[in-house]
Amino acid sequence: MSAVGEWLTDALYGLGWATVRKLPEPVAAGLGRRIADTAWRRRGQGVLRLEANLARVVPDASPQRLAELSRAGMRSYMRYWMESFRLPSWSAERVGRSVEVKDVHLLTEGLASGRGVVLALPHLANWDLAGVWATRSLGVPFTTVAERLKPESLYDRFVAYRESLGMEVLPHTGGSAFGALARRLRAGGLVCLVADRDLSSSGVEVDFFGERARMPAGPALLAQHTGALLLPVTLWYDDTATMRGRVHPPVDPPETGTRAQKTAVMTQALADAFAGGIADHPEDWHMLQRLWLADLDPAKGPK
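Whatever position you read off the sequence shown (first residue = 1), add 9 for our numbering.
#1: Under 7 Å between the Cβ atoms of residue 305 and residue 119?
#2: Should residue 27 go down as buried or exposed, given a rule of 16 or more other Cβ atoms within 10 Å for buried?
#3: Could you name the residues of the same chain whose beta carbon sits closer than 6 Å to that of residue 293, not counting the 5 residues immediately before and after it, in chain order?
#4: Please name the residue in 208, 264, 174 and 209 whose C-alpha comes closest to that of residue 92.
#5: Under 8 Å, with one C-beta from each stretch per pair, do the region 48-68 and the region 135-151 reach the 3-pair mark?
#6: Which same chain residues end up closer than 7 Å to residue 48 when comparing Cβ atoms and leaving out the 5 residues on each side of it in sequence?
#7: What are the uninterrupted segments assigned as alpha helix (DSSP H) that are 4 or more residues long and contained completely in the region 202-241, given in chain order?
#8: Quick one: what's residue 58 bridged to in DSSP?
#9: Is the Cβ-Cβ distance between residue 115 and residue 256 less than 7 Å?
#10: What does residue 275 pair with, by DSSP beta-bridge criteria?
#11: Could you check if residue 308 is buried or exposed, using at least 16 other CB atoms within 10 Å of its CB as the buried criterion?
#12: Are the CB atoms of residue 194 and residue 235 nearer to each other than 7 Å?
#13: Could you tell me if residue 302 is buried or exposed, where buried requires 16 or more neighbouring beta carbons within 10 angstroms of its beta carbon?
#14: State the Cα-Cα distance for the pair residue 155 and residue 103, rounded to the nearest angstrom.
#15: Between residue 78 and residue 240, which are expected to be in contact by the criterion C-beta below 8 Å, what is the C-beta distance as a whole number of angstroms?
#16: Any idea which residues DSSP pairs residue 129 with across the strands?
#17: For residue 299, is the classification buried or exposed, using 16 other Cβ atoms within 10 angstroms of its Cβ as the cut-off for buried?
#18: Could you please give me the residues that DSSP links to residue 180 through a beta bridge?
#19: Locate the beta strand (DSSP E) running through residue 141, then write down its first and last residues.
#20: Tell me the rounded alpha-carbon separation between residue 58 and residue 254.
Here it is as structure tokens:
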């Protein structure tokens with residue numbers, strides 16, 4: 010992206026954060042749907058990629074059904090953005106009534122044990138809202154990592170935004186994130202990682218909806234390295250203003266095998282939990298990039 014393009018991207022995001030939160034909620038929701046429908050009708054690269062990904066998730070879907078799913082998916086994606094722009098102005102009470110999570114006792118009991126907990130999530134619904142719910146409703150601070158965005162000012166804006174919501178954010182690149190996350194876990198803390206797409210091109214190969222994909226090894230390695238509990242989480246929207254979620258049973262390290270073998274088994278278990286949540290709510294999976302190995306250019310990595 011050119012310097013002018015990077016500046017424009019940053020400016021547009023800044024405009025969103027500055028203006029959307031000031032709109033009446035019905036107006037902001039309607040604006041999000043209009044933007045989503047416009048993007049969907051234009052059939053750009055992101056929409057086409059979303060449909061191609063959804064075709065793996067719902068292999069028997071007709072072209073009409075895939076189009077309906079991708080339209081709903083774009084609306085869900087824009088709901089994520091509209092909510093995220095407005096989150097800094099939401100009260101703790103508003104956050105509390107906007108999220109309902111099944112089996113949250115798996116998280117709270119894990120933290121109470123002092124082991125530390127790794128939550129691993131796919132790109133479903135609004136993971137930022139789930140994070141704010143953890144910090145404000147459960148009173149649990151946590152650490153996460155963020156992909157370095159361009160321009161740098163946009164990355165700084167995202168980090169400042171998430172830190173204002175009570176999250177500690179570490180850069181994905183640079184090599185020091187793993188050690189810092191391990192220290193937080195050994196101290197009994199919480200680490201949250203979006204983990205359905207590998208950004209390093211050196212992740213673990215898994216079977217995902219019948220094809221090979223690559224997912225990050227970090228969650229499984231952190232759990233093995235620190236003894237922390239590894240819990241998959243899936244999220245979804247329904248027809249209400251409340252986002253739903255589920256904490257899945259823990260993924261335990263196998264008793265035998267090398268570290269690499271244990272990591273492969275645990276990452277496959279995460280992929281299976283993610284696949285179940287995505288299959289149940291495909292329209293809430295915001296995967297507008299290439300994911301499966303068959304779609305990736307080995308020379309360039311993920312797109």
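Where is the CB? At the ideal position from N, CA and C, for every residue including glycine.
Let me lay it out:
#1: At least 7 Å separates the beta-carbon of residue 305 from that of residue 119.
#2: Residue 27 should be labelled exposed.
#3: Cβ within range, chain order: 85, 133, 134, 245 and 246.
#4: Proximity to residue 92 across 208, 264, 174 and 209 peaks at 174, based on C-alpha coordinates.
#5: Under the Cβ criterion (8 Å, minimum of three pairs), the region 48-68 does not count as touching the region 135-151.
#6: Excluding positions up to five away in sequence, the list reads 56 and 83.
#7: Within the region 202-241, the alpha helix (DSSP H) runs of at least 4 residues that lie entirely inside it are, in chain order, 227-235.
#8: DSSP output for residue 58 lists no bridge partner at all.
#9: The answer is yes: Cβ separation under 7 Å.
#10: Paired residue(s): none; residue 275 is not in a bridge.
#11: Residue placement at residue 308 cannot be trusted, given a pLDDT of 44 that sits under 50; what the coordinates show is reported in the next sentence. Classification for residue 308: exposed.
#12: By the CB criterion at 7 Å, residue 194 and residue 235 fall inside the cutoff.
#13: With fewer than 16 other Cβ atoms from the protein chains shown falling within 10 Å of its own Cβ, residue 302 counts as exposed.
#14: In this structure, the alpha-carbon of residue 155 lies about 26 Å from that of residue 103.
#15: The beta carbons of residue 78 and residue 240 sit about 28 Å from each other, so the pair does not count as a contact at 8 Å.
#16: In DSSP, residue 129 forms a bridge with 202 and 241.
#17: Under this definition residue 299 is a buried residue.
#18: 155.
#19: Here residue 141 belongs to no beta strand (DSSP E); instead the alpha helix (DSSP H) covers 136-145.
#20: Roughly 25 Å separates the two Cα atoms.
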